[in-house]
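So the sequence lines, in the order shown, correspond to chains U and R. Residues -4 to 276 (our numbering) make up the first sequence, in order. Residues 224 to 523 (our numbering) make up the second sequence, in order. Take a look at the structure set out below.
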Amino acid sequence: MSVVPARVRTRRPTGSIVLAVYAVGVLVYLFLPIITIVAFSFNDPTSKFNLEWKGFTLDNWADPFAKGQLLDAMLYSLWIALWASVVATIIGGFVALALSRYRFRGGAFVNLFLVLPLTTPEVVLGASLLNFFVFADTPFLERGFRTILISHILFCVSFVSMTVKARVRGFDWTLEDAAMDLGAPPLRVFYKVTFPLIIPGILAAALLSFALSIDDYIITTMVSPVGGEPTFPLYIAGAFQREISPQINVLATMVLLVSVTLMAAGPVIGLLRRPKAATAP
Amino acid sequence: MARGGEDRNQRKGTWQPYAMLAPGMLWLLLFFLVPMLILLRYALSEPTDRFSGKYELTFRFANFTDAIGDFGSQFLRSFAYAGIATVLCIVLGYPLAYFIATKGGRYKNLLLGLVVVPFFTSYLVRTIAWTTIMGDNGPLLAISDGLSLTGLLDALKITTNGGMLQTQTAVIGGLTYNFLPFMVLPIYVSLEKIDLRLLDAAKDLYSTPRRAFWKVIFPLSLPGVFAGTLLTFIPASGDFVNAQFLGGPNQQMIGNVIQNQFFKLNDFATAAALSFVLMFIITVAVLVYARLFGTDELSV
């Protein structure tokens, strides 16, 4: 009787060690390009292409904005991502609220309609939008800032709705009734009950939209004017043919640092705020 | 899922839900549905003449068969690359997700963060970093040289004439890398939901750990594998970034073809037809896959 459990116990540690080593290996694999990007921000390339290690220098960090176009592209991307995430979060957030808060006819259809853009390959979304803008043939929808923004909002809306919906799933909306029964005016109900409960989902959705927008290449390249003002990814794609400067790595490293700081700050702020905010279910 | 419980908390909407839905639905209608219909229109059209760039709707269904006939090999390659990358993502991602979910302890969130952090840098910059890693003077080939593996890797078709860039290895490797988190996260979520005491129950019933894993844990985590597969396979089969930056002329995927039809050849009808064929094949593949391995629980 006791033979089997004994065997189990002796086998377990080796299995665990193998699993741990494998998992660490995969994490290292995930970080290989990141290590490369950060390391090459200190490279001193002899050619225009910062793809082979030549020697250590701090020059790139001393002058991170040496490439004016690179900075412009970054700012353009930030500007688009800001607008795309604000608009997508507002209209997508309302869709999510409507779906989780109310019972109404057509809810299943709305859910399906929301998923469709997510299950469409990006190249097809890009193709349809490009054809649409060409077909519309009006100055307002001429390829440029507006068409990029429209497309980015489109692919963010579904992500926002899904994220917010997942966060507020199971939330007891009758809490609002309770607040109203206790004499709270509607605005106060929203501010004191609804808002604290939905804000984590809203923030997560906004950050996700921002990240998706700033990094999009496939759709953006299809709805941008040829030779027009490039977003950051479009600039990088063009640079791959002309000149890959170490400043690209410097900016990429900066973005990484900012994102990691934000991510680390999130839980810290959450910890500080916890005593005050209503605790979600 | 938990429909009843959710319904109880929901309120009956009259006009409010529709008002809240209106802006989002309008956006999807105007910039998703309408463009899709216009794409369909182009897919059934013919150019009026060679140079005008104007198209006439002639309901030419042969556009679809032409697209498959002319670009069959690129279609096959796309689905083969995407399929291999998806399998590699499961092989790499499942154990990692399992490790985090079962052994992560209080470091769970940190480990999950480590999975996501690399993807805070630009997709393109990350992909271009692989050209350094896999380059002729890069570390991977240096290691294989040092271990005198060059001949073996060539024989295994992992490298071609001692090079790795502009080969299928590079493109599949890039796809695998770029979509790995989309596999790890859903698998993690479904593993996290499993009551680990089931393992103790299996052990009490004299199951070996291996058997307990395959009979209890793995089947329960299938919804995550299923969701991860969709999140990996669909974007990977339509991707053209990895083939563009890591592959050569012989690694063109269908995404590259569609882009070329638009921007190099100005052939909107063929590009539109190709897009629909791609979507059709993906839909069929997903439905078949759902029938074979799927679960009711799609929303992880």
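For every residue, glycine included, the Cβ atom is placed at its ideal position computed from N, Cα and C.
Per-residue DSSP class, three states only, for residue i
| i | result |
| --- | --- |
| T274/U | Legend: pLDDT at T274/U = 45, less than 50; position of this residue unreliable, no value from coordinates given. |
| T31/U | helix |
| V511/R | helix |
| L257/U | helix |
| A225/R | Because A225/R carries a pLDDT of 41, less than 50, the predicted location of this residue cannot be relied on, and the following value inherits that uncertainty. Coil. |
| V3/U | Confidence at V3/U is low in this model, with a pLDDT of 47, below 50, so its placement is unreliable and the value that follows should be read with caution. In the structure shown, V3/U sits in a helix (DSSP, three-state: H, G or I). |
| F436/R | helix |
| R234/R | strand |
| G386/R | strand |
| F51/U | strand |
| F218/R | Past the boundaries of the shown model lies residue 218/R; chain R is included only from 224 to 523, so the question cannot be answered. |
| N360/R | coil |
| N45/U | coil |
Nearest to residue i (by Cα), restricted to the options the options
| i | options | result |
| --- | --- | --- |
| F89/U | S208/U, I194/U and I243/U | I194/U |
| L263/R | E279/R, D272/R, D293/R and M476/R | E279/R |
| Q467/R | F255/R, V339/R and I351/R | I351/R |
| F104/U | I477/R, T355/R and L251/R | L251/R |
| L256/R | T31/U, F127/U and N45/U | F127/U |
| F60/U | R138/U, Q242/U and A68/U | Q242/U |
| E186/R | R283/R, P258/R and I261/R | The requested residue 186/R does not occur in the structure, where chain R is confined to residues 224 to 523. |
| D490/R | K277/R, L260/R, T237/R and D462/R | K277/R |
| D54/U | N45/U, S42/U, S36/U and V188/U | S36/U |
| F294/R | F516/R, G478/R and R514/R | G478/R |
| E224/U | R138/U, R98/U and I148/U | R138/U |
| G306/R | I505/R, F441/R and T390/R | I505/R |
| L337/R | L14/U, P191/U and V23/U | V23/U |
Terminal residues of the alpha helix (DSSP H) in which residue i lies
| i | result |
| --- | --- |
| Y230/U | F227 to R237 |
| Y278/R | Segment Y278 to L280 is the beta strand (DSSP E) holding Y278/R; no alpha helix (DSSP H) there. |
| E415/R | Q391 to E415 |
| P270/R | Note, P270/R: premise wrong, no alpha helix (DSSP H); beta strand (DSSP E) at S268 to P270. |
| L244/R | Q239 to L251 |
| I193/U | F190 to D210 |
| R141/U | F140 to V163 |
| Y321/R | A285 to K326 |
| W78/U | G63 to R96 |
| V110/U | G102 to T114 |
| A466/R | V464 to L469 |
| V118/U | E117 to A131 |
| T216/U | I213 to V218 |
| D176/U | T169 to D176 |
Test: residue i CB closer than 9 Å to a CB of chain R
| i | result |
| --- | --- |
| S156/U | yes |
| N55/U | no |
| Y212/U | yes |
| G87/U | yes |
| V188/U | no |
| A232/U | yes |
| V255/U | yes |
| S204/U | no |
| Y24/U | yes |
| L198/U | no |
| I239/U | yes |
Residue i: contacting residues in chain U (beta-carbon distance under 8 Å)
| i | result |
| --- | --- |
| F449/R | Under the 8 Å cutoff, chain U gives no residues; its nearest Cβ is about 13 Å from F449/R. |
| I356/R | L27, P28 and T31 |
Residues that residue i contacts on chain U, provided the C-beta gap is smaller than 7 Å
| i | result |
| --- | --- |
| G478/R | V118 |
| G336/R | M258 |
| I481/R | V118 and A122 |
| W353/R | P28 |
Partners in chain R for residue i, counting only beta-carbon separations shorter than 7 Å
| i | result |
| --- | --- |
| R96/U | Q233 and R234 |
| T115/U | M502 |
CB contact check: residue i to chain U, cutoff 9 Å
| i | result |
| --- | --- |
| D418/R | no |
| Q297/R | no |
| V511/R | no |
| T382/R | no |
| R264/R | yes |
| Y411/R | no |
| Y304/R | no |
| F463/R | yes |
Closer than 9 Å at the beta carbon, the chain U residues around residue i
| i | result |
| --- | --- |
| K326/R | S11, L14, A15 and A18 |
| A494/R | A122, L125 and N126 |
Interface partners of residue i on chain R, CB under 8 Å
| i | result |
| --- | --- |
| P112/U | L251 and F255 |
| P228/U | S345, Y346 and L347 |
| A247/U | T344, S345 and V348 |
Neighbour flag for residue i against chain B, beta carbons, 9 Å
| i | result |
| --- | --- |
| I323/R | No chain B is part of this structure, whose protein chains are labelled U and R. |
Where residue i meets chain R, residues with beta-carbon distance less than 9 Å
| i | result |
| --- | --- |
| W74/U | By Cβ distance, chain R contributes nothing, its closest Cβ being about 16 Å from W74/U, past 9 Å. |
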